[in-house]
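Chemist: Position 19 (the sequence shown) corresponds to 277 in the numbering used here; numbering is contiguous. For glycine and all other residues, C-beta sits at the position ideal for the given N, C-alpha and C. One structure is given below, represented as C-alpha cells, and several questions about it will come after.
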Amino acid sequence: MVALFMEQHLLSLIIFLPLLASFLVLCLPSARVNAFRWITFLTTFVQLGLAIWIWRLFDQKAAGFQLVEESDWISMTLGGFGHLSIDYLLGIDGFSLPMLLLSALVLCIGAISSWTIDHQQKGYFALYLLLSSTIMGCFAALDFFLFYLFFEFMLLPMYFLIGIWGGPRKDYASIKFFLYTFGGSLFILLVMIGLYLSVMDPQETAVQLGLISQGGIANQSVLLQVQMLLSLNQIAPGNIVHTFDIRAMMDAHNYLPGSIFGFTDDITLFNIPARLVGFLSIFLGFAVKLPVVPVHTWLPDAHVEAPTPVSVILAGVLLKIGSYGFFRIAYGIFPDGAMNYAWWIGLVGMISIIYGAFLALAMNDLKKMIAYSSVSHMGFVLLGLASLTPEGVSGAIYQSFSHGILSALLFLLVGVLYDRTHDRRIDSYQGLASATPQYTVVVTVAFFASLGLPGFSGFVGELFTLVGGFHSGAIPRWMAAVSTLGIVLSAAYFLWTLQRIFFGKFWLREPDKTALLTDLVTREKLMLIPLVMLAIVFGLFPSVIFDM
C-alpha cells in the first residue's frame, strides 16, 4: 500500500522532500554542523534514488505525459469573465525525465562538495535544500502558474548563496544575477497572463456546460464537442474556464476566437502579430537564463564569485532550465513563432558559439574561462532548435543534458585547485602533472570530453546539432558551417590551458603553497569519478537519452 502511494506521488516526493529537510535544518541548533551536512547529503541521495525509480517506471513506448498528478488548487468564479482554474499539476515526458535525472545527480554531488563550506552552515544548507526543491518543481510542473512560482522562487536561494558565501565581489554578482533573471522573467509573466486569457480548459468547460458531471472525465468526443462549440462562438463567456495548463496551451483548438494569442493575425502589437510578440517575449525571458549573447554578462560574474558547489548547480542545472523553457513553452506553445524566427535564432546561436569561445580563449581566470565556454556550448542548443529537424532538436536536448554533466565536472575540478591554493590564474601554475597525477588524469578527460572528442557525450550533442543545421530548411547551411569553428576554438582554449598548467617543469607563482598541492582525496573522487564515467557512458551509448 505504501509503495503504491509512493508510486502515485513520486513527483511530489522528489519536489517536497528537500523542503521538509530544509525546515528540519532550520529547527536544529547552529552548532550541529555535521547534522546539516548529512541531512543535505542523504536528502539529495534519496532524491537521486527517487529519480532513478521514476526512470525505471517510465514507459518509453507510451505517448504523452506520465506519472501525472493533478488536483484543483485555486478555483474562482469571475462572473461574465468565466472561471479561473489553477491546478497542482505535475507530469514528465521524454524530455523532462533526463533533466530530472541530471538535476538529482548534480544536486547530490553538489551536496558532497558543500562539506567545505566553513561559515554560516545552517543557513547555507537550508537554502541549498530549498533550491533543490524549486529546481525539481520547474522540471515536473505542467501548470504554467506552478512552473512560474518554482522558476521565480529559485532566485531567492541563489541570490543569498552567491551574496553571502561568494567571493570578494559577491554583492555585485548576486545583484546582477537577480536583476537579469528577474527582468527576463517579467517577459514570461506577461505572456503567461495573455495565455491564460486566451486558453480554455476543455475538461472543466465541459463540466460548466453540463456535458459531464463534476469530477467526471471527459472522453475524446466530448472534448472535441467543446472545442467545436468554442470555435463557433457558441459558449457563453461565463461558462468558459480559463486555465494555465501547459497541455491545453499546446492545443490550437483550445484558444478563444479573437483572443490575444489566438491563431489569427487580427491582433497585433507594435504592428507584429501578437503570437509572434508572445514568442519573442518568452524567448527573451529564457534566453537570459540559458544564457545567450548579448544577455550573458551576468554568468561569468556569478560563476567567478559563487562558491564551488553553487557554480556546479548554476552551470549543471540552472542553465538547463533556460533550454527546458525553450523546448516546453516557447516551442511547445508558439510553434508558429519558432518557425517564423528560426533564421534569427540560428544566428544568435551561431554568434553565442563563436563569441563565447573567443572570450574563453582570452581568459586567464580558469573559472571564467569555463563560464564563457558554457555560453559557447549552450549556443549549440539554440542552433539545434533553430534547425527544426529531428536530428537538430534531438541533438539540442542531448547537448543540454551532456553539458550539465561536463560543466559540473569542470567547475568541481576548478574548486579542487582553488581550495588548495586560492588562486585560479592559469599563468600561476606549470607542470602540475608531476605533483597531482590523479587530478591531471581527470582534468584531461574532462577537457577532451568538453571539446567534443568522439567517445564522449559532448561529441554526440554537437554532432547532431550540426547535422541538423546542415540538413535544415529553416536556417542556411553557412550558419552550421561557421558554428563548427566553435569546436576548433574550444579545442584551442582547453588544450592551451592543459599544456600551460599541467605540462613542463613544475612551477608555482607562490612556491610556499607547494605543500598544499596534494592529489585527490576520497571525498573528491566520490564527486568526480561518477561524472567522468557518465561522460563516457553517454558518449558510447547515446541511445539511453535518445530513446526517452
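(1) Would you call the segment 299 to 310 in contact with the segment 361 to 377, where contact means no fewer than 3 C-beta pairs closer than 8 Å?
(2) Just checking my contact of residue 649 with residue 725 at CB under 8 Å: how many whole Å lie between their CB atoms?
(3) Please list the terminal residues of the continuous beta strand (DSSP E) segment that includes residue 298.
(4) In terms of residues, what are the limits of the beta strand (DSSP E) holding residue 776?
(5) Which same chain residues, not among the five before or five after residue 660, have their C-beta less than 6 Å away from its C-beta?
(6) Rounding to the nearest angstrom, what Cα-Cα distance links residue 430 and residue 680 in this structure?
(7) One question on the structure: do residue 721 and residue 370 come within less than 7 Å of each other, judged by their Cβ atoms?
(8) Determine whether the beta carbon atoms of residue 499 and residue 343 lie at a separation below 7 Å.
(9) Under three-state DSSP, which class holds residue 623?
(10) What whole-angstrom Cβ distance do residue 385 and residue 418 have, given they're in contact under 8 Å?
(11) Where does residue 531 fall in DSSP's three states?
(12) Hey, could you find the ends of the beta strand (DSSP E) residue 751 is sitting in?
(13) Considering only the alpha carbon of each residue, which of 494, 700 and 545 lies closest to residue 670?
(14) May I have the straight-line CA-CA distance separating residue 547 from residue 580, to the nearest angstrom?
(15) Between residue 272 and residue 318, is the Cβ-Cβ spacing less than 7 Å?
(16) Please name the residue, chosen from 393, 556, 738 and 510, that lies closest to residue 641 on a Cα-to-Cα basis.
(17) Distance check for residue 280 and residue 749, CA to CA, integer angstroms please.
(18) Between 553, 509, 685 and 397, which has its C-alpha nearest residue 590's C-alpha?
(19) Quickly, what does DSSP pair residue 399 with across the bridge? List them, please.
(20) Which residue marks the beginning of the beta strand (DSSP E) containing residue 329, and which one marks its end?
(21) When the Cβ atoms of the segment 512 to 526 are set against those of the segment 350 to 359, are three or more pairs found closer than 8 Å?
(22) What is the DSSP secondary structure of residue 522, reduced to helix, strand or coil?
(23) Go to residue 729, then tell me how far its alpha helix (DSSP H) extends in each direction, as first and last residue.
(24) Is the beta carbon of residue 797 sitting closer than 7 Å to the one on residue 713?
(25) Thinking C-beta only, is residue 655 closer than 7 Å to residue 793?
(26) List the endpoints of the continuous alpha helix (DSSP H) containing residue 562.
(27) Determine the DSSP secondary structure at residue 432, reduced to helix, strand or coil.
(28) Taking residue 459 and residue 503 to be in contact with their CB atoms under 8 Å, please state how far apart those CB atoms are, rounded to whole angstroms.
(29) Would you say the segment 570 to 587 touches the segment 615 to 625, given that touching needs at least three Cβ pairs under 8 Å?
(30) Whose C-alpha, out of 678, 572, 392 and 532, is nearest the C-alpha of residue 456?
(31) Would you list the residues sitting across from residue 685 in a DSSP beta bridge?
(32) Confirm the yes/no value for this check: CB of residue 405, any heavy atom of the ligand GTP, distance under 6 Å.
(33) Just to confirm, are residue 424 and residue 564 a CB contact at a threshold of 7 Å?
(34) Alpha carbon to alpha carbon, how far is residue 315 from residue 324?
(35) Does the beta-carbon distance from residue 566 to residue 689 come in below 7 Å?
Modeler: Judging by the given coordinates:
(1) yes
(2) 5 Å
(3) Looking at the DSSP string, residue 298 is not in any beta strand (DSSP E); the run it does join, the alpha helix (DSSP H), is 291 to 315.
(4) Counting along the chain, residue 776 falls outside any beta strand (DSSP E), and DSSP gives it neither H nor E.
(5) 715, 716 and 719
(6) 20 Å
(7) no
(8) yes
(9) strand
(10) 6 Å
(11) strand
(12) Segment 735 to 760 is the alpha helix (DSSP H) holding residue 751; no beta strand (DSSP E) there.
(13) 700
(14) 5 Å
(15) no
(16) 738
(17) 42 Å
(18) 509
(19) 348
(20) 324 to 335
(21) no
(22) coil
(23) 715 to 729
(24) yes
(25) no
(26) 556 to 563
(27) helix
(28) 6 Å
(29) no
(30) 532
(31) DSSP lists no partner for residue 685.
(32) Among the ligands in the structure shown, none appear at all, so the ligand GTP cannot be discussed.
(33) yes
(34) 9 Å
(35) no
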